[in-house]
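Read through the structure below, which is laid out as structure tokens, and then see the notes.
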Amino acid sequence: MDIAIRREITALRAIGFNSCFFVTDDSCSAGSPFIHCYVPGLLCVDVYSWGREVSGVGNDGRDWDVDEMEAAQLVMPFIQTREGFRRAYRLARLCVQLPRMWRLN
């Protein structure tokens, strides 16, 4: 398990911490607050927080629904290799860079 964690940290450093961070405890490092890597082999996209930011509500804790947040998590498993991580990470970045306004016409 430690080897897998080291591989993910190395992959994050190789990518340059563009939009992802690795959390081993309650501390956070700089990066997008919408992509997390808590468990080896899984990337998590926080769709709930992303939606609150896009809609203008903000993520300051008011009207925060933990159950809804957990239900809205997008968990992406990946093969624990450098290439597997990069593919999952690119897909996660695409998810958080979706258009902020949808045209209906």
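Numbering of the sequence shown is given in our numbering, commencing with residue 508 and proceeding in unit increments. Backbone N, C-alpha and C fix where the C-beta goes; we use that ideal spot for every residue, glycine too.
| query | result |
| --- | --- |
| Alpha carbon of arginine 593 to alpha carbon of glutamate 560, nearest angstrom | 25 Å |
| Straight-line gap, proline 584 to tyrosine 545 (C-alpha atoms, nearest Å) | 12 Å |
| Cα-Cα separation, alanine 579 to glutamine 604 | 16 Å |
| Buried versus exposed, by CB contacts within 10 Å (16 or more), tryptophan 557 | buried |
| From Thr588, Arg600, Arg514 and Cys551, residue whose alpha carbon lies closest to that of methionine 576 | Cys551 |
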